[in-house]
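S.K.: The structure under discussion is supplied below as structure tokens; questions concerning it will follow.
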Amino acid sequence: MQGDINTVLHFWFGHPDDADWGSMREDWFTKSDGYDQRCRDVCLSLHERAADGEFGHWADQAGGALALIILLD
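For reference, each letter of the sequence shown is one residue, going 73 to 145 in this note's numbering.
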């Protein structure tokens, strides 16, 4: 469970040890076929499972709830 949550959060925000962790990312605001493909590669199967309700229990913790928001937005 925590591994999948971390996969989503690290993809979206970077790793907490990275120098730019927590900074706004250009990818969030610009169209990029490459970024869109990376997003699908990392998140699509998790998105499908979340949409099927498999990860409802993630909402019980802050990081999991944030990962759900990212996946389902």
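For each residue, glycine too, the CB sits at the ideal point set by N, CA and C.
Can you give me the C-alpha to C-alpha distance between Ala122 and Trp100, rounded to a whole angstrom?
M.R.: As a working note, residue 122 is residue 50 in the sequence shown. As a working note, residue 100 is residue 28 in the sequence shown. Taking the straight line joining both Cα atoms gives about 21 Å.
S.K.: By Cβ distance below 7 Å, which residues in the same chain neighbour Gly135 in space, the five residues on each side in sequence not counted?
M.R.: Within the sequence shown, residue 135 is the residue found at index 63, counting from 1. So the qualifying residues of the chain are Ile77 and Leu81.
S.K.: How big is the Cα-Cα spacing for Ala91 and Gly125?
M.R.: As a working note, residue 91 is residue 19 in the sequence shown. As a working note, residue 125 is residue 53 in the sequence shown. About 34 Å.
S.K.: So, is His119 buried or exposed, given that buried needs 16 or more other C-beta atoms within 10 angstroms?
M.R.: Residue mapping note: residue 119 aligns to position 47 of the sequence shown, counting from 1. It counts as buried.
S.K.: What is the residue span of the alpha helix (DSSP H) that Gly106 lies within?
M.R.: Reading the sequence shown from its first residue, position 34 is the one you call residue 106. Start and end: Asp105 to Ala123.
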